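Everything in the sequence shown is counted per the working numbering, starting at 200 for the first residue and increasing by one. Read through the structure below, which is laid out as structure tokens, and then see the notes.
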Amino acid sequence: AAPSGDTASVTIGAPRFAPSLTPRDGPGIDAGTRNASASAAAFDAVLAQHLGQSEAFLTLFRSSVRSGRTERLASATARELLSTNRLLLDSRAGRDLRSRQLLQDLELVLAQITQLRADGDSTDVHLITEGIDEGDVLPRLRIAVPAGI
Numbered sequence: 200a201a202p203s204g205d206t207a208s209v210t211i212g213a214p215r216f217a218p219s220l221t222p223r224d225g226p227g228i229d230a231g232t233r234n235a236s237a238s239a240a241a242f243d244a245v246l247a248q249h250l251g252q253s254e255a256f257l258t259l260f261r262s263s264v265r266s267g268r269t270e271r272l273a274s275a276t277a278r279e280l281l282s283t284n285r286l287l288l289d290s291r292a293g294r295d296l297r298s299r300q301l302l303q304d305l306e307l308v309l310a311q312i313t314q315l316r317a318d319g320d321s322t323d324v325h326l327i328t329e330g331i332d333e334g335d336v337l338p339r340l341r342i343a344v345p346a347g348i
């Protein structure tokens, strides 16, 4: 059976949407805005992961210092964290004042740890742990890292 004239008029009169719009898009939202938002979220995730790893590393470092042994891997791990830290300082994450200050303080501590000799000179280790304590680096890292990271 052929469609009635009323059905055809409803079909013809139905509003048409541009195929490039998706249901979550709205007026004024373009691909650039979505990309910038996704990029910001990615930087935030990388920053949170880095700060979480740094907090865990510094906690283990302090624990090993208290027990009288400095781990040989401390320097290598600190070097890896330091390189990521420097990249983050030069990225969008480094533009935020609070993040930048924390990353700079963390950079100093990590750089000091990378310079530790294998024998772990107690004066150097004391200066590093003192810097961690006086700069409130660990508490600031714990505050900056979202739960579950």
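All C-beta atoms, glycine included, are put in the ideal place defined by N, C-alpha and C. All figures in this text were calculated on a predicted structure; none of them were measured in a lab.
As a quick exercise: from E329, R341, L340 and P338, pick the residue whose alpha carbon is nearest that of V264. E329
Leaving out five residues on either side along the sequence, give the residues of the same chain with a beta carbon under 6 Å from the beta carbon of R285. none
Which same chain residues, not among the five before or five after S298, have their C-beta less than 7 Å away from its C-beta? L246 and A292
Considering only their Cβ atoms, is the gap separating A277 from T313 smaller than 8 Å? yes
Assigned exposure category for I327 - 16 Cβ within 10 Å defines buried: I327 should be labelled buried.
Take S282 as the anchor and find which of V336, L259, S262 and E306 has the nearest alpha-carbon. Residue E306 is the option with its Cα nearest to S282.
According to DSSP, simplified to helix, strand and coil, what is V344? coil
Nearest-angstrom Cα distance between D320 and R268? 11 Å
Candidates Q311, A240, Q300 and E279, of which the one nearest V324 by Cα: Q311
Take G334 and list the residues in its own chain whose beta-carbon comes closer than 7 Å to its own, dropping the five residues that flank it on each side. Cβ within range, chain order: D304.
Helix, strand or coil: how does DSSP classify G293 here? Shown here, G293 sits in a helix according to DSSP, grouped into three states.
Would you call S253 buried or exposed, if buried means 16 or more other Cβ atoms sit within 10 Å of its Cβ? buried
Determine the burial state of L296: buried for a count of at least 16 other Cβ atoms within 10 Å of its Cβ, exposed for fewer. exposed
Assumed close pair L257, L337 - CB separation to whole angstroms, cut-off 8 Å: That pair is a contact at about 6 Å.
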